[in-house]
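Residue numbering for the sequence shown follows my numbering, beginning at 754 and increasing consecutively. C-beta: ideal position from N, C-alpha, C; glycine also. Reading through the structure tokens given below for one structure.
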Amino acid sequence: MSYRARKFLSFYRPYLGTLALDLLCAFIVSAITLILPLCVRHITQNLLGAGVADPIGEIGVMAMIMLALVLAHTLCTLFVDYQGHMMGAKMERDMRRELFAHYQKLSFSFYDDQKTGQLMSRITSDLFAISELAHHGPEDLFLGIVKFIGVFLITLSINPALSLIVIAFLPFMFLFSLHFNRKMNRAMRLSKERVAQVNAQVEDSLAGIRVVQSFANEDWEQAKFDEANARFVESRRLEYKSEGLFYGGMEAFTQLMTVVVVVFGAVAITGAALDLSDLITFLLYVGILIEPIRRLVNFARWYQEGITGFHRFMDMIELPPAIQDPAPAHEPELVRSIILI
């Protein structure tokens, strides 16, 4: 493991308890999400037939069970959203404290070559991206893997043929997601650079505002700012274009999978290879299957954006400071002296 990887993981150390509870709640959320469609299947398959003595009572029991599951799902989701984000914010605070302390130890020559606006972007927007990775990264990766495996195993047990048809879409979805995710990441990195340039331009203009106003150079400064601002808008245009293609394509895959399940499921029902309750269950799991794919893609997005910010953070931290902390002084155990007057 590289030094930078160990450095990143070290920021988790004070919050290992919160991280463990966060992942536990995330696992409970995934499990409940997978269980609820099975409850629907049990009701439609076993409780709506003529052989049930008290169908209303049985449905009432299942309703209470499902309400309890929904309540547990809600509480665990609240914990994940709140405590997980707070953990990321605290890690961001720790990194910002360390980076600011390091800024104060760098040499004058370093600040002669750096723009304050770009240094500010490293201590604000870059660290925010790292905190999002620290929070969403483990959750999205964990939830995505658990839900994907769960959906695959459950649908395979219901109808292997229909399950394999659905799974056949996944490689194409993954390649599509990977392609446009890379485009989005490149556009995001460019957007961050353009934001840093805008910050630097504003800092330069406002720092010399007395000179600007004295020589009536407001139009010149406005033109420079408009140029930097226009470059930023162009980077955002590329980002939003890639984002629109990505989410539009994912939605198209979702609808196509639903159509395929309905068509092949209807054919299987006519051949007595599938019943209506299983088809309903399959449709529910198709909706669930999209979420882990999106989570895994989001993890790749957060990873690229966060790791870029972390490398920029480490580029500053690894600069040798001009002010070195002195070694702790040695305190003698006993001092004897004679004063002559």
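| Check | Outcome |
| --- | --- |
| Mapping DSSP to helix, strand and coil, what is residue 1072? | coil |
| So, at 7 Å on beta carbons, what are the nonlocal neighbours of residue 876 in its own chain, with the 5 sequence-adjacent residues on each side left out? | 849, 852 and 853 |
| Check residue 867 in the structure and name its three-state DSSP category. | coil |
| Going by the CB atoms, is the gap between residue 1011 and residue 1043 shorter than 7 Å? | no |
| Taking the continuous alpha helix (DSSP H) assigned at residue 893, which residues delimit it? | 878 to 911 |
| So, at 6 Å on beta carbons, what are the nonlocal neighbours of residue 895 in its own chain, with the 5 sequence-adjacent residues on each side left out? | 776 and 779 |
| Using DSSP with H/G/I as helix, E/B as strand and the rest coil, what is residue 765? | coil |
| Return the CA-CA distance between residue 956 and residue 982, expressed in angstroms with no decimal places. | 14 Å |
| Does DSSP classify residue 1017 as helix, strand or coil? | helix |
| Contact between the segment 979 to 995 and the segment 912 to 924: three or more CB pairs below 8 Å? | no |
| Between 813, 911, 829 and 898, which lies nearest to residue 1027 when the distance is taken from Cα to Cα? | 911 |
| What are the start and end residues of the alpha helix (DSSP H) that includes residue 812? | 808 to 856 |
| Let me know if residue 864 comes out buried or exposed under the rule of 16 or more other beta-carbons within 10 Å of its beta-carbon. | exposed |
| Within the same chain, show all residues whose beta-carbon is closer than 6 Å to that of residue 1030, passing over the 5 residues directly before and after it, in chain order. | 794, 797 and 798 |
| What do you get for residue 892, buried or exposed, if any count of 16 or more other CB atoms within 10 angstroms of its CB means buried? | buried |
| Could you tell me if residue 1038 is buried or exposed, where buried requires 16 or more neighbouring beta carbons within 10 angstroms of its beta carbon? | buried |
| Does the segment 832 to 843 come within contact of the segment 879 to 887, defined as at least 3 CB pairs closer than 8 Å? | yes |
| Using beta-carbon positions only, say whether residue 996 and residue 937 come within less than 7 Å of one another. | yes |
| At the level of alpha carbons, what is the spacing between residue 781 and residue 769? | 18 Å |
| Quick check: what's the CA-CA separation for residue 868 versus residue 760? | 26 Å |
| Starting from the N-terminal side, write out each stretch of the alpha helix (DSSP H) that is 4 residues or longer and does not extend beyond the segment 903 to 988. | 913 to 920, 923 to 960 and 962 to 967 |
| Pick out whichever of 1046, 1034 and 964 has its Cα sitting closest to the Cα of residue 923. | 1046 |
| Tell me whether residue 809 is buried or exposed, calling it buried when 16 or more other Cβ atoms sit within 10 Å of its Cβ. | exposed |
| Is residue 1052 near residue 890, with beta carbons less than 7 Å apart? | yes |
| Could you check the C-alpha separation between residue 947 and residue 829 for me, to the nearest Å? | 39 Å |
| Taking Cβ positions, are residue 944 and residue 992 nearer each other than 7 Å? | yes |
| Which class does residue 874 belong to by DSSP, given the choice of helix, strand or coil? | helix |
| Since residue 907 and residue 787 should fall inside the 8 Å C-beta cutoff, what is the C-beta to C-beta distance between them, to a whole number of angstroms? | 7 Å |
| From the DSSP output, in three-state form, read off residue 779 for me. | helix |
| Spatial neighbours of residue 880 within its chain, please: C-beta separation below 7 Å, excluding the five flanking residues on both sides. | 845, 848, 849, 1062 and 1066 |
| Hey, residue 985 and residue 915: beta-carbon distance below 7 Å or not? | no |
| Here's a check: name, in chain order, each residue in its chain whose Cβ is nearer than 6 Å to the Cβ of residue 930, leaving out the five neighbours to either side. | 1050 |
| From residue 1035 to residue 1070, what distance separates their C-alpha atoms? | 51 Å |
| Give the DSSP-derived three-state secondary structure of residue 774 in the structure shown. | helix |
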